[in-house]
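Residue numbers (my numbering): 844 to 1007.
We treat Cβ as the ideally placed atom computed from N, Cα and C, and that holds for glycine.
Computed from a prediction, not measured in an experiment: that's the story for all the values here.
Data first, discussion second: the structure below is written as structure tokens.
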Amino acid sequence: MSCCSDKPFIGTGNLPFNPSEVRLYGRKEHCPPGDAPDGTGETDVDGIRLKVGDCYILIDAGKVDIVSIGVIYGYAYEGHCYKLPKPRIMYLPVEAEEIQGDDCGYSSALGYSVWSLDKLERVIALDVRSDDIKTLILDENLPGNRSPLAYAQTQSLAPQRLRD
């Protein structure tokens, strides 16, 4: 049988095509040793420690095994490329890979990496915003700007009528 009659390989690397694959594009963040409170640079078994000044904030990782951290700018799913409206900081359960060529407008030459995950993989995404208190708290919580779940939900029954 000739080599031309073989079925072509469709997939990423040595892995076969996965229809539920999501490819995240961004920059890999490096955590130098000594950033963790114990000096090892590793995360806690029960969660992730973020250092703020001399304090550490523990984020419960739940059932997510953290392998790498990235600032994600876009993603590809079902053959289409998308850009995020603002970058997301994500703790990811897989290691970043080098982008082969120009993939969705991102390339390794520009410092980007790619993470290939199944769409049901658990990750941690941080939403970090910086502004004044008026914008972050007061303006967002004015009536009409609040989430519908923030309004009190009460139910009252009509008074009961006496029967003749």
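Where residue i sits in the DSSP three-state scheme
{"i": "Glu983", "result": "helix"}
{"i": "Ile942", "result": "coil"}
{"i": "Ile909", "result": "coil"}
{"i": "Leu927", "result": "strand"}
{"i": "Arg892", "result": "strand"}
{"i": "Gly948", "result": "coil"}
{"i": "Gly922", "result": "coil"}
{"i": "Leu1005", "result": "coil"}
{"i": "Val914", "result": "strand"}
Reference residue i; option with closest CA among the options
{"i": "Asn861", "options": "Lys871, Gly913, Arg892, Ala919", "result": "Ala919"}
{"i": "Tyr949", "options": "Tyr868, Ile915, Lys929", "result": "Tyr868"}
{"i": "Val910", "options": "Leu985, Ile976, Glu964, Tyr916", "result": "Glu964"}
{"i": "Gly944", "options": "Leu901, Lys926, Glu938, Leu953", "result": "Leu953"}
{"i": "Gly917", "options": "Gly905, Val907, Pro930, Asp908", "result": "Pro930"}
{"i": "Asp961", "options": "Leu979, Val937, Leu969", "result": "Val937"}
{"i": "Asp903", "options": "Leu981, Ile967, Asp982", "result": "Ile967"}
{"i": "Ile912", "options": "Asp982, Gly896, Ser956", "result": "Ser956"}
{"i": "Ile915", "options": "Ile980, Asp974, Lys871", "result": "Lys871"}
Residue i - containing beta strand (DSSP E), residue span
{"i": "Glu864", "result": "864–872"}
{"i": "Leu901", "result": "898–903"}
Near the ligand SAH: residue i beta-carbon under 6 angstroms from a heavy atom
{"i": "Cys898", "result": "No copy of the ligand SAH occurs in the structure displayed, which carries no ligand at all."}
Counting only runs of 3+ residues fully inside the region 952–977, write out the beta strand (DSSP E) ranges in chain order. 956–961, 967–969
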